[in-house]
Amino acid sequence: MSQAASFKAYPASVKDLVYTIWNPKNNQPVVHSPPDAMGSSGDLCFLPGDANLWIKDTQGWRRSSGRYHGHGIEHYPTAPYGALRIQDADYRFRWTTETAYRSKKGRENEKSKKLASAAGSTSRMPGGTRDADYDAAAATHSERASEPPEDHDPWRQHAIDQGNGWILPVLDRWEKTFGDESLSTKNGAEILRALLRVPYTIEERETYSQDEVLQPGSIKPSYAHVSIDLQMLSEDTTLAVNNLDTCTGEEVPPSVLMHSLTAHARGRHPTAIVAQYGVSDVPASPNGIGRCQWKVPSSAGSVPQGFQPFVTTCVMPAGGSCDFHQDGIGASWIHHHVGMKDLGGPDKLWLLAKNTTHNREILQPHGRVRLVWFDANQVIPRLEGLQYYLAKPTFHPCALYFEPGLWHLVLTMSLSAHCSFRFADPSKFQEAVLHFSRAIKSAWTLPTQPERRVRAVNLREDWDYWRMIPEVPKRWLADVDKAVKALEAEFEEDERMGSPEPVDDEGDDGDDDDDGDEYIP
């Protein structure tokens, strides 16, 4: 009998993905590693006596690179399938998503509570009888059901003691509204719980009023203007969007995005068949956000005379979350919140971390272009100088100013939008030189071609703003231009030749000391 014949297949599928889990019929490890004869591309193998989940992909069989949360649970920070829970029942293995598993467990718990409640009512009726063992079991179950999660209450009190009590209502609302609806909402809950552990007071970020970022007499931006921008796009156009169900990138027509934003404007939609999309860069149209006339507040920086910002809008549905990242490389940013209908409470949380050497050492491994999720409990409490801003729906929204290199992440409680534009501030030139130097050096260590491509695009876009400043040294502009062209040529060669990813032989971690040296290509 062949090796493959000694295994029984259990097919399962989620969305458009289909896998097969193989299990020895006699529950004995007949092989020490999965044979090539087993299954096809994408198959899974969980071997008894082996602590690893094996996956077969285009490179052959390999041990899973996921992260375990207890026996038989395999978590993937970069979905498409999020978390796999492998369960052993009578030596038959099956898998399901973590969300589906929790939903089933929730139904089982509710059923147990109803049975316990019904039994209690029976015992209080005249002549009612109950089993003493059942009484003890029901009491134990009731006590466990009422217990808070491990380390939950102590950290809530810790947050209050540190002056961070504002986190509690946000966390409670997030968990009550979304639960584990998607990978994005699950990650958002992990971030909020990690914030409870921060060992100092998180300061509130100062903001600018709407009048300080708009020219006198300008139209006030509203979500109606954003809708016009989307409607003005041709249906032949595809928008780069974030799928919040899986935290992956996709491209969809404008009508699909608008339908998704409407379906997921407020709370949980566990049965919705509409994918949950968010978009980062909706271009302004002359009849939409383009009607607004923007300016840079004098205290935020200076810009050349006649400066015309290129404005885009980020629109996120309820439950949106993102990893720590930086906007651009060496430019400053203005993010202005669009007036929205009040759906109850704040609609967006910004968490900000300055680009210090300490924070960079923690965040640099996670500051990639794609969404590589991080362990929030291991990262957030270690960051220094965290700041936050809770954006609230109002007809007089505020704007945030970002200095070059500021790290940030955003959680969205209800449908919201903000308009953004970048500018080069001459007073921040020396700071920008350091950011460009680090970004150029670390670009060659990024592990994938798409990441290097986006890094090159960000470098080029920020460079275009700096070359409009007359005071900027021409030699520096030429040096950066040469380095960016080399990077652009590298990924263009990758596309033409399909060459393998370059390996960093020197072991450079992509960081650079703050010594003020210019980057020499």
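Quick note, the sequence shown lines up with residues 879 to 1399 if you use this note's numbering. Don't be surprised by glycine CBs; every beta carbon is placed ideally from N, CA and C.
Once DSSP output is grouped into helix, strand and coil, what is the label at residue i?
| i | result |
| --- | --- |
| Val-1257 | helix |
| Asn-1065 | helix |
| His-1142 | coil |
| Ala-1310 | helix |
| Tyr-1086 | strand |
| Asp-1201 | coil |
| Glu-1349 | coil |
| Ala-1162 | coil |
| Arg-1338 | helix |
| Val-1362 | helix |
| Ser-1305 | helix |
| Ile-1318 | helix |
| Val-1134 | helix |
| Ile-1212 | strand |
| Val-1288 | strand |
| Val-1076 | coil |
| Ala-1295 | strand |
| Glu-1059 | coil |
| Glu-1113 | coil |
| Glu-988 | helix |
| Val-1157 | strand |
| Glu-1081 | strand |
Taking residue i as part of the beta strand (DSSP E), name the residues at either end of that continuous run.
| i | result |
| --- | --- |
| Trp-1228 | 1226–1231 |
| Met-1110 | Note, Met-1110: premise wrong, no beta strand (DSSP E); alpha helix (DSSP H) at 1101–1110. |
| Glu-1129 | 1126–1130 |
| Thr-1190 | 1190–1194 |
| Ala-1118 | 1117–1121 |
| Phe-1185 | Counting along the chain, Phe-1185 falls outside any beta strand (DSSP E), and DSSP gives it neither H nor E. |
| Gln-1265 | 1265–1269 |
| Trp-1172 | Unbroken run through Trp-1172: none, as it is neither H nor E. |
| Leu-1278 | 1276–1280 |
Considering only their Cβ atoms, is the gap separating residue j from residue i smaller than 8 Å?
| i | j | result |
| --- | --- | --- |
| Gly-1156 | Met-1218 | no |
| Ser-1060 | Gln-1154 | yes |
| Leu-1337 | Val-1362 | yes |
| Val-1160 | Ile-1212 | no |
| Glu-1262 | Asn-1237 | yes |
| Leu-1268 | Ala-1231 | no |
| Ala-1302 | Trp-1344 | yes |
| Pro-1164 | His-1214 | no |
| Asp-1340 | Gly-1184 | no |
| Ala-1141 | Val-1152 | yes |
| Trp-1172 | Leu-1108 | no |
| Leu-1139 | Val-1119 | no |
| Tyr-1266 | Ile-1097 | no |
| His-1296 | Phe-1202 | no |
| Val-1356 | Arg-1333 | The question names Val, but residue 1356 is Ala in the sequence shown. No. Outside cutoff. |
Could you tell me the boundaries of the alpha helix (DSSP H) in which residue i lies?
| i | result |
| --- | --- |
| Thr-1323 | Neither: Thr-1323 is in no alpha helix (DSSP H) and is coded neither H nor E. |
| Thr-1235 | 1235–1241 |
| Thr-1055 | 1045–1056 |
Among the options, which residue has its Cα nearest to the Cα of residue i?
| i | options | result |
| --- | --- | --- |
| Ala-1196 | Trp-1052, Ile-1207, Gly-1095 and Leu-1070 | Trp-1052 |
| Leu-1070 | Arg-1034, His-1103, Ser-1100 and Tyr-1086 | Arg-1034 |
| Gly-1283 | Ala-1254, Thr-1290 and Thr-1235 | Thr-1235 |
| Ser-1177 | Glu-1349, Lys-1306 and Lys-989 | Lys-1306 |
| Asp-1039 | Gln-1256, Ile-1167 and Arg-1075 | Arg-1075 |
| Pro-1182 | Pro-1304, Gly-1057, Glu-1368 and Ala-1367 | Pro-1304 |
| Tyr-1279 | Leu-1049, Trp-1228, Thr-1085 and Val-1048 | Thr-1085 |
| Leu-1049 | Thr-1126, Ser-1294 and Lys-1226 | Lys-1226 |
| Glu-1281 | Gly-1041, Glu-1309 and Val-1358 | Glu-1309 |
| Glu-1068 | Lys-1319, Ala-1321, Arg-1333 and Cys-1200 | Cys-1200 |
| Arg-1260 | Lys-1270, Leu-1241 and Pro-1271 | Leu-1241 |
| His-1137 | Asp-1114, Ser-1105 and Ser-1158 | Ser-1105 |
| Thr-1290 | Asp-1253, Cys-1192 and Glu-1113 | Cys-1192 |
| Glu-1366 | Pro-1351, Leu-1355, Met-1346 and Ala-1321 | Ala-1321 |
| Thr-1116 | Gly-1127, Gln-1093 and Glu-1239 | Gly-1127 |
| Val-1358 | Lys-1319, Val-1091, Pro-1077 and Asn-1255 | Lys-1319 |
| Cys-1170 | Pro-1094, Ala-1356 and Trp-1228 | Pro-1094 |
| Ala-1102 | Lys-1360, Phe-1314 and Ser-1294 | Ser-1294 |
| Gln-1204 | Val-1216, His-1313, Glu-1129 and Asp-1253 | His-1313 |
| Arg-1300 | Ser-1210, Ser-1062 and Phe-1056 | Ser-1210 |
| Glu-1329 | Ser-1298, Asp-1342 and Glu-1368 | Glu-1368 |
| Pro-1131 | Cys-1125, Ser-1112, Leu-1122 and Asn-1121 | Ser-1112 |
Hey, does residue i have any beta-carbon neighbour from chain C nearer than 8 Å?
| i | result |
| --- | --- |
| Leu-1073 | Here there is only one protein chain, and chain C is not present. |
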